[in-house]
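Q: Here you go, one structure.
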Amino acid sequence: MKPKRVKFAFFLDLESAYKTLLRNKIRSFLTILGIIIGVGSVIATIGIGQGASKAIQNSINSMGSNMLIILPGSSSLGGINSGFGVLPTLTLNDVYAIRKLSSVRTDTAILGMSQQVIWRGNNWSTLIMGADSTFPIVRKWPVAKGVFFTPQQVASAANVAVIGNTAATELFGLINPIGHIIIIHSVPFTVIGLLSIKGFNAFGQDQDDTVIIPITTMMEKIAGTTWVHAIAVSAKTQKDTVTAQSQITQLLRQRHHIPINKPNDFFVRNLTEIAQAANSSAATFTILLASIAAVSLLVGGIGIMNIMLVSVTERTKEIGIRMAIGAKKSDILKQFLIESAVLSLFGGLLGITLGFGISSAISAFSPLKTVVTAEPIIISVVFSLCVGIFFGFYPAYKASRMNPVEALRYE
Amino acid sequence: MANSYDITGKDPLIRLENIGMIYKIGDISYEVLKGINLTVENGEFVSIMGASGSGKSTLMNILGCLDKPTSGNYFLEGRDVSKLTPDELAEIRNKKIGFVFQGFNLIQRLSILENVMLPLYYAGLHSKDSEEMALNALKLVDLSEKVNKFPNQISGGEQQRVAIARAVVNDAPIIMADEPTGNLDSVRGADVMNFFEKINAERGATIILVTHDKHVADYAKRLITVKDGIILSSETI
Numbered sequence: 060m061k062p063k064r065v066k067f068a069f070f071l072d073l074e075s076a077y078k079t080l081l082r083n084k085i086r087s088f089l090t091i092l093g094i095i096i097g098v099g100s101v102i103a104t105i106g107i108g109q110g111a112s113k114a115i116q117n118s119i120n121s122m123g124s125n126m127l128i129i130l131p132g133s134s135s136l137g138g139i140n141s142g143f144g145v146l147p148t149l150t151l152n153d154v155y156a157i158r159k160l161s162s163v164r165t166d167t168a169i170l171g172m173s174q175q176v177i178w179r180g181n182n183w184s185t186l187i188m189g190a191d192s193t194f195p196i197v198r199k200w201p202v203a204k205g206v207f208f209t210p211q212q213v214a215s216a217a218n219v220a221v222i223g224n225t226a227a228t229e230l231f232g233l234i235n236p237i238g239h240i241i242i243i244h245s246v247p248f249t250v251i252g253l254l255s256i257k258g259f260n261a262f263g264q265d266q267d268d269t270v271i272i273p274i275t276t277m278m279e280k281i282a283g284t285t286w287v288h289a290i291a292v293s294a295k296t297q298k299d300t301v302t303a304q305s306q307i308t309q310l311l312r313q314r315h316h317i318p319i320n321k322p323n324d325f326f327v328r329n330l331t332e333i334a335q336a337a338n339s340s341a342a343t344f345t346i347l348l349a350s351i352a353a354v355s356l357l358v359g360g361i362g363i364m365n366i367m368l369v370s371v372t373e374r375t376k377e378i379g380i381r382m383a384i385g386a387k388k389s390d391i392l393k394q395f396l397i398e399s400a401v402l403s404l405f406g407g408l409l410g411i412t413l414g415f416g417i418s419s420a421i422s423a424f425s426p427l428k429t430v431v432t433a434e435p436i437i438i439s440v441v442f443s444l445c446v447g448i449f450f451g452f453y454p455a456y457k458a459s460r461m462n463p464v465e466a467l468r469y470e
Numbered sequence: 215m216a217n218s219y220d221i222t223g224k225d226p227l228i229r230l231e232n233i234g235m236i237y238k239i240g241d242i243s244y245e246v247l248k249g250i251n252l253t254v255e256n257g258e259f260v261s262i263m264g265a266s267g268s269g270k271s272t273l274m275n276i277l278g279c280l281d282k283p284t285s286g287n288y289f290l291e292g293r294d295v296s297k298l299t300p301d302e303l304a305e306i307r308n309k310k311i312g313f314v315f316q317g318f319n320l321i322q323r324l325s326i327l328e329n330v331m332l333p334l335y336y337a338g339l340h341s342k343d344s345e346e347m348a349l350n351a352l353k354l355v356d357l358s359e360k361v362n363k364f365p366n367q368i369s370g371g372e373q374q375r376v377a378i379a380r381a382v383v384n385d386a387p388i389i390m391a392d393e394p395t396g397n398l399d400s401v402r403g404a405d406v407m408n409f410f411e412k413i414n415a416e417r418g419a420t421i422i423l424v425t426h427d428k429h430v431a432d433y434a435k436r437l438i439t440v441k442d443g444i445i446l447s448s449e450t451i
């Protein structure tokens, strides 16, 4: 009867390594403490870093997705430079031309001014904004009730308005504003939609204190101008914001007939760039913390090597016995490598638990919400395994090179 | 070819040709074995006797493929094993030779059964069948009741019987025993020696026993005396 070969030798090795390490619980624990602290701090710091960059991302995203803002240029007359937005250089035709660019999802003209709004006996001074029907997409700002105005309503300069939550509360109180007529600058408007609540912007302005009307209506019936204050552009993807910036610059220079040696009569601001700058400073901070953590992993690895060397010396006799009954060099090497790998993997797993604990504690007791993703966990597991194998190799190699006669003689 | 075969076409189990062993410690060299010639046939029960320093332990290490001679050739079943690599020697120890040492040399962390299964594990066998082989070997030395105990839970005599079970589990043709009764009292010692006789008689295993104890050596059928690195005499008892 010939016994059959079974494939699960690796699990036997694993089990044997596990048992060996359990026999020296305290020593094993102290050995992997470095790895535990290292991995724990890697997970925690990356969690903090990702939480911070997510917070930045969120506040930038609330302004609009992949957004660029185009403002009219400043004038320079007789050595006196005026500020942004005073030149009447941006027109609705610019808006429609930009919308055709390959990198642009859509855009909207914006023309705003403060006006008194009247409904029955109430009146309220608020920001009246002329915008295109694409406004909810560009600003990521949908209506909560009713509808936003259509391209047809923009084309026909219809007297319709979509009202922000703060303005609605001030004018209508608890009454549903939809369907009511409000008066702006002596012109009646039908309220057709209520915007969802957007909150305050980064400068502390209440973004909900506004009434939005079609840009054409705004230009013809309220402001009486042929140019717009700003164009808000939504690029197709975050990457496209850079392309969009150069495409828009090129297009507008062409449309405005600006000679090569003259400066732009407009400004293009890329909000994603600002977000990326903020993100990269958060990333630098994370890298700094993570490298400190990596050093402690390295120290942990050296601790493992030290203990494995002790363990190999202690078990010289055992190595001799195993060699005498037929263990090859590779068998001995494998035995000790598996042992150190199991040791550091254990450290890694405990470290992940610790890191999770620290992350949740920070989330619970501070305003920062940490984000622990799968990535640092996988990296930690792989890294601690590698640390174990790398630092376990020399002791294991030393064990495998022993002379069986001398090893057997060892007491 | 280093592998030379007997002209009769039948090789002896072991043939040592002019084996020499020189140890160098610093600038001084010690010639421990000075041209040993020895033939052991299959199924023999041989004891090697000699005082300490006679070279009998070195001879046993070479016979057991734990060490390589400085000069000469060692033919095991016709194959020259004196120039093999450490891994090739490990395989020969695993398949052809079972060891029983004076100090039992069991692995304390492993159970009796696991200790006996270890040579099978290194042979690449690990299954229910290898467990059965180990249980059979333990039955041979009357230890079926203690398979799940650990070495420190049984007596010295029992530990040595576990070592015998471990030596025979792979059906190795050669059992090498180095002072197997050295750590045991005379009753336990006799007990262990009876098992060697049994293995020799029932399994046909060749037994090579190294000892300095005349009473132990007397269990063998041939007595080889080593002195100062040479074979002094070889007599059939």
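Protein sequence lines, in the order shown, are assigned to chains V and B.
Add 59 to a position in the first sequence, counting from 1, and you land on the number used in this note's numbering.
Add 214 to a position in the second sequence, counting from 1, and you land on the number used in this note's numbering.
Note that CB positions come from ideal geometry on N, CA and C, so glycine has one too.
Pick out whichever of Tyr469/V, Gln313/V, Leu408/V has its Cα sitting closest to the Cα of Ser101/V.
A: The sequence as given places Val at residue 101/V; Ser does not occur at that position. When only C-alpha atoms are compared, the closest one is Leu408/V.
Q: Residues of chain V with CB under 9 Å from Asp281/B, in chain order?
A: Per Cβ cutoff of 9 Å: Asn462, Pro463, Val464.
Q: What are the boundary residues of the alpha helix (DSSP H) that includes Glu328/B?
A: Counted as a single uninterrupted DSSP element, the alpha helix (DSSP H) harbouring Glu328/B occupies residues 326 to 336.
Q: Give me the Cα-Cα distance between Met122/V and Ile274/V, rounded to the nearest whole angstrom.
A: Met122/V and Ile274/V have their C-alpha atoms some 20 Å from each other.
Q: Can you give me the C-alpha to C-alpha distance between Leu233/V and Asn182/V, rounded to a whole angstrom?
A: 15 Å
Q: Mapping DSSP to helix, strand and coil, what is Tyr77/V?
A: helix
Q: Could you tell me which chain B residues have their CB closer than 8 Å to the CB of Thr79/V, listed as they occur along the chain?
A: Arg323
Q: With distance defined between alpha-carbon atoms, name the residue in Ala466/V, Met188/V, Leu444/V, Pro435/V nearest to Val371/V.
A: Ranking the options by Cα distance to Val371/V, first place goes to Ala466/V.
Q: Which of the residues in the stretch 381 to 396 of chain V, read from start to end, lie with their CB under 9 Å from any CB of chain B?
A: Arg381, Met382, Ala383, Ile384, Gly385, Ala386, Lys387, Lys388, Ser389, Asp390
Q: Can you check the stretch 346 to 391 of chain B for any alpha helix (DSSP H) of at least 4 residues that lies completely inside it and give the ranges in chain order?
A: 370 to 382
Q: Is there a Cβ of chain V sitting closer than 8 Å to that of Asp241/B, yes or no?
A: no
Q: Would Leu354/B count as contacting chain V if we go by Cβ distances under 8 Å?
A: no
Q: Determine the direct distance from the alpha carbon of Tyr335/B to that of Ala386/V, and round the result to whole angstroms.
A: 9 Å
Q: Between the alpha carbons of Lys204/V and Leu254/V, how many angstroms are there, rounded?
A: Taking the straight line joining both Cα atoms gives about 7 Å.
Q: In or out: Gly266/V buried (at least 16 other Cβ within 10 Å) or exposed?
A: According to the sequence as given, residue 266/V is Gln; it is not Gly. Of the residues assessed, Gln266/V falls on the buried side of the cut-off, its CB having 16 or more other CB atoms within 10 angstroms.
Q: Ala294/V to Ala342/V, Cα distance in whole Å?
A: Just so you know, the alpha carbons of Ala294/V and Ala342/V end up roughly 24 Å apart.
Q: Which residues does DSSP pair with Phe248/V in a beta bridge?
A: Ile241/V
Q: Would you identify the three-state DSSP class for Asp405/B, choosing helix, strand or coil?
A: helix
Q: For the alpha helix (DSSP H) that contains Thr375/V, what are its first and last residues?
A: 375 to 383
Q: DSSP on Arg82/V, reduced to helix/strand/coil?
A: coil
Q: In the DSSP assignment, the alpha helix (DSSP H) including Met274/B goes from what residue to what residue?
A: 270 to 277
Q: Check whether the Cβ of Arg86/V lies closer than 8 Å to any Cβ atom in chain C.
A: Although the question refers to chain C, the structure presented lacks it and instead comprises the protein chains V and B.
Q: May I ask you to verify whether the stretch 145 to 165 of chain V touches the stretch 285 to 299 of chain V, counting CB pairs closer than 8 Å and requiring at least 3?
A: yes
Q: Do the CB positions of Leu402/V and Ile363/V come within less than 8 Å of each other?
A: yes
Q: Counting only Cβ pairs nearer than 8 Å, list the residues of chain V close to Arg380/B.
A: Ile384
Q: Tell me the DSSP secondary structure of His429/B in three-state form.
A: If DSSP states are grouped into helix, strand and coil, His429/B belongs with the helices.
Q: Would you call Ala76/V buried or exposed, if buried means 16 or more other Cβ atoms sit within 10 Å of its Cβ?
A: The residue in question, Ala76/V, is buried, as its Cβ has 16 or more Cβ neighbours within 10 Å.
Q: Spatial neighbours of Asp343/B within its chain, please: CB distance less than 8 Å, with the 5 preceding and 5 following residues excluded, ordered by chain position.
A: Hits under 8 Å: none found.
Q: Just to confirm before moving on: does the CB-CB distance between Ile105/V and Pro435/V stay below 8 Å?
A: yes
Q: Start and end of the alpha helix (DSSP H) containing Tyr456/V?
A: 433 to 459
Q: Which two residues bound the contiguous alpha helix (DSSP H) that contains Ile421/V?
A: Counted as a single uninterrupted DSSP element, the alpha helix (DSSP H) harbouring Ile421/V occupies residues 388 to 424.
Q: Does DSSP put Phe313/B in a helix, a strand or coil?
A: strand
Q: Can you name the start and end residues of the alpha helix (DSSP H) that Ser296/B belongs to?
A: It is not in any alpha helix (DSSP H) - Ser296/B carries neither H nor E in the DSSP assignment.
Q: For the putative contact between Asn414/B and Phe315/B, defined by C-beta atoms under 8 Å, what is the C-beta separation to the nearest angstrom?
A: Distance from Asn414/B to Phe315/B at the Cβ level is roughly 19 Å; contact not present, criterion being Cβ atoms closer than 8 Å.
Q: Rounded to whole angstroms, what is the Cα-Cα separation between Pro454/V and Ile437/V?
A: 27 Å
Q: Can you give the beta carbon distance from Ser133/V to Asn338/V, rounded, assuming they're within the 8 Å contact cut?
A: Contact doesn't hold; Cβ gap of about 30 Å is too wide.
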